[in-house]
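**Q**
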Amino acid sequence: MTFRRELDEQKLENLIAQLLRAGVVASALVVIAGAVFYLGTHPRSWVDFRTFRGEPEELKTVHGIVSCAFSGQARCIMQLGLLLLIATPVARVIFSAVAFTIEGDRMYLLFTLIVLAVLLYSLFGSFLTA
Amino acid sequence: MNVLEFTFLVWAGSLVAGFLGALTGLGGGVVLVPLLTIFFHVDLRYAIGASLVSVIATSSGSAAAYVKEGFSNIRIGMFLEIATTLGALLGAYLTAKVPASAIAIIFGVMLVYSAYVSRRTRPRTEVEAPPDPLATKLNMNGTFPDTSGLRSYNVYRVPTGFGVMLGAGTLSGLLGIGSGALKVVAMDQAMRIPFKVSTTTSNFMIGVTAAASAGVYLSRGYIDPGLAMPVMLGVLIGSLMGTRVLVKTQTKLLRLVFSGVIVLLGLEMLFKGFTGGF
């Protein structure tokens, strides 16, 4: 019984790992696309990361990044790729929640939902406080 | 430096860091922040933001390789992620409160410590004690594939492990690193989970932990695409190359050299932290 459960979980884990890898590849491609555009438009301008200035609003929130990226700005496209990357572990946790639901494991479903809540708070919390 | 030169040099440096990190098992993220701050004069907050993003990339990117081996324990991982994600949130908030020099000092200590941990052989007496009743209740005891089929194991000292994980998560959020070394210590030493199960479960926890602080970093403007782009692409490609050659090479000398580099970077961070270089 437990042996059988381990096998099924193994299959599911494999599937999740493939999805994670697909997520990383997809986000890397978006970042590369933005990078080509970014390096192509102003390759000779100077960079300075010595002093911290923070990022403009459109690079700080999920909503801002998405709408700015679709307006075609190179830096926003790269940021969208990075946002996709940050979202891959979130997707992983959601899949785990589905898996625990199917297995009927309520205790672990609860644990997973707590982790998911923390992640979503981190990503969207700025909306709540702003 | 102009955009083209800066991007290429940061990319190349991150590639080497990711490659050596994966090859030696010491993690590439840990040298990224010193690399960016000491050699590229990047502000500590931008460096931490870029490093954290690359941590997610390597964790998610290598998950497939780890899962195939069938060692990771998803229940242990998920339960402990409650601790690491809450810690990560706390750490990410602390980054804004704690002065940069203090972060540099903590970072230096962390670097020296992680090099020390990797050198130490782990004297562990195998005891046949009954498992922690809490572990049994939480359904954590599991099996993993061994040469002689499936081997079962028990989990001990769950509250201690949970506590260490809270600390590991806080460090991860504060310093923008995966803090894999500390996660493995919690599982392997405190909870007595078999080493292979500890390392693989730790890998999948690292990405989720980092994502918890990444959201806060993003909203605080620590993640700059112009810097995070070459770092993330470099570390990702480097670490994938590193895991490919991992099995084929004799890494003992390389580990020693890389540990030495980590110690030197740690001392440099400590020095700059104490002399107000940040």
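So the protein sequences, as listed, match chains P and F. Residue numbers for the first sequence follow this note's numbering, beginning at 5 and rising by one. Residue numbers for the second sequence follow this note's numbering, beginning at 692 and rising by one. We put the CB at the ideal spot given by N, CA and C, even for glycine.
Looking at the C-beta of LEU24/P, does it have a partner C-beta in chain F at a distance below 8 angstroms?
**A** Locating residue 24/P in the first sequence gives position 20, counting from the first residue. Taking Cβ atoms only, chain F reaches closer than 8 angstroms to LEU24/P, which makes this a yes.
**Q** Is the stretch 94-111 of chain P touching the stretch 56-68 of chain P, taking contact as three or more C-beta pairs under 8 angstroms?
**A** No contact exists between the stretch 94-111 of chain P and the stretch 56-68 of chain P.
**Q** So THR776/F contacts chain P; which residues on that side make the cut at Cβ distance below 7 angstroms?
**A** On the second sequence, position 85 is the one that residue 776/F refers to. Neighbours of THR776/F on chain P, chain order: VAL119, VAL122, LEU123.
**Q** Please classify LEU717/F: is it buried, with 16 or more other beta-carbons within 10 angstroms of its beta-carbon, or exposed?
**A** As a first step, residue 717/F must be located in the second sequence, where it is residue number 26. Classification for LEU717/F: buried.
**Q** Select from the stretch 723-738 of chain F all residues with a C-beta closer than 9 angstroms to any C-beta belonging to chain P, and list them in chain order.
**A** Per Cβ criterion, the list reads LEU727, PHE731, HIS732, VAL733, ASP734, LEU735, ARG736, TYR737, ALA738.
**Q** For ALA703/F, which residues of its own chain have a beta-carbon under 8 angstroms away from its beta-carbon, when the five flanking residues on both sides are left out?
**A** In the second sequence, counting from the first residue as 1, residue 703/F sits at position 12. Answer for ALA703/F: GLY925, listed in chain order.
**Q** Kindly indicate which three-state DSSP category THR92/P falls into: helix, strand or coil?
**A** The residue given as residue 92/P occupies position 88 in the first sequence. If DSSP states are grouped into helix, strand and coil, THR92/P belongs with the helices.
**Q** Could you check what DSSP says for ASN693/F in three-state terms: helix, strand or coil?
**A** Here the question's residue 693/F lines up with position 2 in the second sequence. It is a strand residue.
**Q** Name the residue from ILE884/F, LEU714/F, LEU735/F whose alpha carbon lies nearest to the alpha carbon of VAL724/F.
**A** Reading the second sequence from its first residue, position 33 is the one you call residue 724/F. Among ILE884/F, LEU714/F, LEU735/F, the Cα nearest to that of VAL724/F is on LEU735/F.
**Q** Please report the straight-line C-alpha distance between TYR784/F and GLY840/F, rounded to a whole angstrom.
**A** Position 93 of the second sequence, counted from the first residue, corresponds to residue 784/F. Position 149 of the second sequence, counted from the first residue, corresponds to residue 840/F. Roughly 46 angstroms separates the two Cα atoms.
**Q** By DSSP's criteria, VAL837/F is part of a beta bridge. Which residues make up the other side?
**A** Stepping through the second sequence from its first residue, residue 837/F is reached at position 146. In the sequence on display, residue 837/F carries Asp and not Val. Partner(s): GLY840/F.
**Q** Please identify, using Cβ separations under 9 angstroms, the residues of the stretch 99-111 of chain P that lie next to chain F, in order along the chain.
**A** Residues SER100, ALA103, PHE104, ASP109, MET111.
**Q** Assuming the contact rule is C-beta atoms closer than 8 angstroms, SER126/P and ALA903/F should be a hit. Round their C-beta distance to whole Å, please.
**A** Looking up residue 126/P in the first sequence gives position 122. Looking up residue 903/F in the second sequence gives position 212. Confirmed, about 5 angstroms.
**Q** Pull up the distance between the alpha-carbon of LEU714/F and that of SER930/F, whole angstroms please.
**A** In the second sequence, counting from the first residue as 1, residue 714/F sits at position 23. In the second sequence, counting from the first residue as 1, residue 930/F sits at position 239. Roughly 8 angstroms separates the two Cα atoms.
**Q** Roughly how many whole angstroms lie between the Cα atoms of LEU123/P and THR749/F?
**A** Indexing the first sequence from 1 puts residue 123/P at position 119. Indexing the second sequence from 1 puts residue 749/F at position 58. Cα to Cα, the separation comes out at about 19 angstroms.
**Q** So GLU772/F packs on THR891/F, CB below 8 angstroms; how close in whole Å?
**A** By one-based count along the second sequence, residue 772/F stands at place 81. By one-based count along the second sequence, residue 891/F stands at place 200. In fact, because the Cβ distance is near 14 angstroms, the residues do not count as touching under 8 angstroms.
**Q** Between which residues of its own chain and VAL800/F is the CB-CB distance below 8 angstroms, once the five residues before and five after are set aside?
**A** The sequence position of residue 800/F within the second sequence is 109, counting from 1. If we look at VAL800/F and ignore the five residues flanking it on each side, its Cβ neighbours are GLY957, LEU961.
**Q** Around the Cβ of SER71/P, are there at least 16 other Cβ atoms within 10 angstroms (buried) or fewer (exposed)?
**A** Here residue 71/P is taken as the residue at index 67 of the first sequence, counted from 1. Exposed.
**Q** So is ALA73/P in contact with chain C if we call contact Cβ pairs under 8 angstroms?
**A** The structure shown contains no chain C; the protein chains it does contain are P and F.
**Q** Let's test the definition: count the other Cβ atoms within 10 Å of the Cβ of GLN22/P and tell me whether it reaches 16, buried, or not, exposed.
**A** Looking up residue 22/P in the first sequence gives position 18. When all chains shown are included, GLN22/P counts as exposed.
**Q** State the beta-bridge partners of TRP50/P as determined by DSSP.
**A** As a first step, residue 50/P must be located in the first sequence, where it is residue number 46. For TRP50/P, which the question treats as bridged, DSSP gives the partners ASN693/F.
**Q** Could you tell me the distance, in whole angstroms, from the CA atom of SER910/F to the CA atom of LEU88/P?
**A** Along the second sequence, read from residue 1 onward, the residue named residue 910/F stands at position 219. Along the first sequence, read from residue 1 onward, the residue named residue 88/P stands at position 84. About 15 angstroms.
**Q** So with CB distances below 8 angstroms, who are the chain F contacts of LYS64/P?
**A** Counting from 1 along the first sequence, the entry for residue 64/P is found at position 60. What LYS64/P touches in chain F: LEU909, SER910, ARG911, GLY912.
**Q** I'd like the list of long-range same chain contacts for ALA134/P, defined as Cβ closer than 7 angstroms, with 5 residues on each side in sequence excluded.
**A** For the purposes of this step, residue 134/P is taken as the residue at position 130 of the first sequence. Residue confidence is low: ALA134/P scores 41 on pLDDT, short of 50, so the model does not pin down where it sits. No coordinate-derived value is stated.
**Q** Taking the C-alpha atoms as reference points, what is the distance between TYR42/P and ALA791/F?
**A** In the first sequence, the residue the question calls residue 42/P occupies position 38. In the second sequence, the residue the question calls residue 791/F occupies position 100. Taking the straight line from one Cα to the other gives about 30 angstroms.
**Q** So which residues on chain P does THR698/F lean against when the C-beta distance must stay under 7 angstroms?
**A** By 1-based counting over the second sequence, the position of residue 698/F is 7. What THR698/F touches in chain P: LEU43.
**Q** In the DSSP assignment, the alpha helix (DSSP H) including LEU931/F goes from what residue to what residue?
**A** Position 240 of the second sequence holds residue 931/F. Here the alpha helix (DSSP H) through LEU931/F covers 916-936.
**Q** Can you give me the start and stop residues for the alpha helix (DSSP H) that GLY871/F sits inside?
**A** Residue mapping note: residue 871/F aligns to position 180 of the second sequence, counting from 1. Counting along the chain, the alpha helix (DSSP H) containing GLY871/F begins and ends at 871-876.
**Q** Helix, strand or coil for ARG946/F? Go by DSSP, reduced to three states.
**A** Taking the first residue of the second sequence as 1, we reach residue 946/F at position 255. In the structure shown, ARG946/F sits in a helix (DSSP, three-state: H, G or I).
**Q** Give the straight-line distance between the Cα atoms of ILE81/P and SER31/P, rounded to the nearest whole angstrom.
**A** Start at 1 with the first residue of the first sequence, and residue 81/P comes out as number 77. Start at 1 with the first residue of the first sequence, and residue 31/P comes out as number 27. In a straight line, the C-alpha of ILE81/P is about 10 angstroms away from that of SER31/P.
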